[in-house]
Amino acid sequence: MLSRTEIPKGVKALLPVQAAQKREIENRLLSVFFRWGFQEIITPAFEYYDVLAPCLGADFEDQTIKVVDRESGRLLVLRPDITPQIARIAATVLKDHPKPLRFCYSSNVFRHHYPQVARQQEFYQAGVELIGLDLPEADVEMIAIAVESMKEAGLVDFKIAVSQVEYVRGLLKELGLSREKEEKIKTALRKKDRSGLETLLQEFDLSDAQRNVLLELPTLFGKEEVFARAEALANNPGSRAALENLVRVYEMLQVYGLEEYILLDLSEIRGFDYYTGVVFEGFTSHLGYGICSGGRYDHLIGKFAEECPSTGFAIDIERLILALEKQGTFRPGKAVDFLIIDFSPDKRNALRIAKELRARGFRVARDIIRRELAGSLAYARQMRIAQGIILGTPGLAADEVLLKEIDPPEREVKVKMDQIVAFVESQRGKQGDPPRR
Numbered sequence: 094m095l096s097r098t099e100i101p102k103g104v105k106a107l108l109p110v111q112a113a114q115k116r117e118i119e120n121r122l123l124s125v126f127f128r129w130g131f132q133e134i135i136t137p138a139f140e141y142y143d144v145l146a147p148c149l150g151a152d153f154e155d156q157t158i159k160v161v162d163r164e165s166g167r168l169l170v171l172r173p174d175i176t177p178q179i180a181r182i183a184a185t186v187l188k189d190h191p192k193p194l195r196f197c198y199s200s201n202v203f204r205h206h207y208p209q210v211a212r213q214q215e216f217y218q219a220g221v222e223l224i225g226l227d228l229p230e231a232d233v234e235m236i237a238i239a240v241e242s243m244k245e246a247g248l249v250d251f252k253i254a255v256s257q258v259e260y261v262r263g264l265l266k267e268l269g270l271s272r273e274k275e276e277k278i279k280t281a282l283r284k285k286d287r288s289g290l291e292t293l294l295q296e297f298d299l300s301d302a303q304r305n306v307l308l309e310l311p312t313l314f315g316k317e318e319v320f321a322r323a324e325a326l327a328n329n330p331g332s333r334a335a336l337e338n339l340v341r342v343y344e345m346l347q348v349y350g351l352e353e354y355i356l357l358d359l360s361e362i363r364g365f366d367y368y369t370g371v372v373f374e375g376f377t378s379h380l381g382y383g384i385c386s387g388g389r390y391d392h393l394i395g396k397f398a399e400e401c402p403s404t405g406f407a408i409d410i411e412r413l414i415l416a417l418e419k420q421g422t423f424r425p426g427k428a429v430d431f432l433i434i435d436f437s438p439d440k441r442n443a444l445r446i447a448k449e450l451r452a453r454g455f456r457v458a459r460d461i462i463r464r465e466l467a468g469s470l471a472y473a474r475q476m477r478i479a480q481g482i483i484l485g486t487p488g489l490a491a492d493e494v495l496l497k498e499i500d501p502p503e504r505e506v507k508v509k510m511d512q513i514v515a516f517v518e519s520q521r522g523k524q525g526d527p528p529r530r
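As numbered in the numbering used here, residues 94 to 530 make up the sequence shown, in order.
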């Protein structure tokens, strides 16, 4: 028998605490994007499948969630990624706009896949796209924004692994292998499996020198000392040019003062068929998977119009929240600033106080249910309300209210009724200080 309360696998409701966490992180990330001069863009939740399909690649193709448009009969796809949508917009609606275009977003995306930790079939991303610049400075800016975003969110222990996909592409092209053999090598490289790669290469007709070059790839991980070892392996123009590009990017990251966050990983080929240059991924020791990822995708807009150099990245919001929780430093703020608890027969004073506080930007609820004070305070505690404003209890003069913290140490102070709005306004931003006259 079908359950009337069951929801599909891979989706979930965000209850108030979770929704508050998500909103807080979104606001922090967007504030960083805005400070760097990016403008928010909101894309459709679904589009025609045949329009986006050329941009999705084999990986996304297997993950798309499709429905049929009842009017046209055309296949629709729930957006599996924001970047192809922004590429379409840049190539069509904004094709004549001056470059570069700087867009940011925070949206849900939909992908069909097997359940993963902190990854539903509907999940949330925040990111930026920089369209129209082919300079290393653009790649550096993306990495710098990613670092600042993680720090703004409150993450402390994290690294950004940076690579250049053209380096590996040049090495593979030099070998002249079939596409099938290349794919097997790329699969082993993605797994960082050196022993598996060694076993695989025994099957191929390669010289010892060629085999050793490929076996060295998984070891090209670390700080700037990686460059010398990578240079020794690069005997083709493509790999050498990629390495020179990556060196310039790293030097500029040093100018930004970000080298402590940067690791080099020249065996990283995530999105090999999608990206065209510098790529990067953010991770933390608290989680076994990436929190953010991005890179250069110079050919994507060419799927719709003339090619245009572009780069960008996205942060997985739920994974970032999970990393912050494991770090033990993420505490969402209170949901409501004040609960007005009024025991007096005349409710006009309570209504006036609530109205004036809301006009000043405070979040105010009134406890309309008749119950004991202890019950009202218990309710406020459960609903994550910061303070109570109490009227009409014994011990209060007719012109007084009691301002009381909900959580321990439950500090409280009596305030004249006509001064309560000015008093709480004066205390704004002084969380942790005891209320005092």
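The beta carbon of each residue, even a glycine, is placed where N, CA and C say it ideally should be. All of these numbers come straight from a predicted model, not from anything done at the bench.
Contact check between the segment 411 to 423 and the segment 457 to 470: fewer than three CB pairs, one atom from each, fall below 8 Å, which does not count as touching. Phe406 and Glu234 have their alpha carbons spaced roughly 11 Å apart. Residue burial annotation: Ala219 is buried, with at least 16 other C-beta atoms found within 10 angstroms of its C-beta. The three-state secondary structure of Gln213, taken from DSSP, is coil.
When rounded, the separation of the alpha-carbon atoms in Arg167 and Gln132 is 32 Å. The beta-bridge partner set that DSSP reports for Val494 consists of Val508. Secondary-structure assignment with DSSP links Tyr198 through a beta bridge to Gly220. If you look at Glu518, you'll find it in the alpha helix (DSSP H) that goes 513 to 519.
DSSP assignment within the segment 143 to 191 yields the following whole alpha helix (DSSP H) runs of 4 residues or more, N-terminal first: 176 to 184. The alpha-carbon of Gly421 is positioned some 34 Å away from that of Leu495. Residue range 287 to 294 is occupied by the alpha helix (DSSP H) that includes Ser288. Listed as beta-bridge partners of Tyr141 by DSSP are Leu169. Under the three-state reduction of DSSP, Val249 is assigned to coil, being neither helix nor strand. The beta carbon of Ile408 lies closer than 7 Å to those of Leu122, Gln218, Ala219, Gly220, Ser242, Ile384, Cys385 in the same chain, with the five residues before and after it left out. It is roughly 24 Å from the alpha-carbon of Thr377 to the alpha-carbon of Leu107.
Straight through space, the alpha carbons of Ser288 and Gly263 are spaced by roughly 22 Å. For Leu450, the CB contacts under 8 Å within the same chain, skipping 5 residues up- and downstream, are Asp430, Phe431, Val457, Val514, Val517 in chain order. Closest by C-alpha distance to Glu353, out of Ala254, Arg272, Pro191, is Ala254. Under DSSP, Phe406 takes part in a beta bridge, and its partners are Val221, Gly387. Straight across, the Cα-Cα distance linking Arg128 with Thr292 is about 50 Å. Contact annotation: Thr404 and Asp189 have beta-carbon atoms that are not nearer than 8 Å. Taking 8 Å as the cut-off, the Cβ atoms of Leu145 and Pro193 do not count as close.
At the C-beta level, Pro109 and Ala428 come within 8 Å of one another.
The beta carbons of His392 and Glu400 sit about 6 Å from each other, so the pair counts as a contact at 8 Å. CA-CA distance, Gly395 to Gln520, rounds to 55 Å. No Cβ-Cβ contact shorter than 8 Å links Gly388 with Glu215. The criterion of a C-beta distance shorter than 8 Å is satisfied by Asp358 and Phe314. Note on Gly481: 16 or more other CB atoms within 10 angstroms of its CB, so buried under the neighbour-count rule. Within a 10 Å sphere around the beta-carbon of Pro311 sit 16 or more other beta-carbons, which makes this residue buried. With fewer than 16 other CB atoms across the displayed protein chains lying within 10 angstroms of its CB, Pro137 is exposed.
Secondary structure at Gly263: helix, using DSSP grouped into helix, strand and coil. Short of 8 Å from the beta carbon of Ala281, and not among the five residues preceding or following it, lie these beta carbons of its own chain, in chain order: Gly289, Leu290, Leu293. Secondary structure of Gly130 (DSSP, three-state): coil.
Within its own chain, the residues whose Cβ lies closer than 7 Å to the Cβ of Met510, once the five positions on either side in sequence are excluded, are Asn442, Asp492, Glu493, Val494, listed in chain order. Between Asp460 and Leu484, the alpha-carbon positions lie close to 11 Å from each other.
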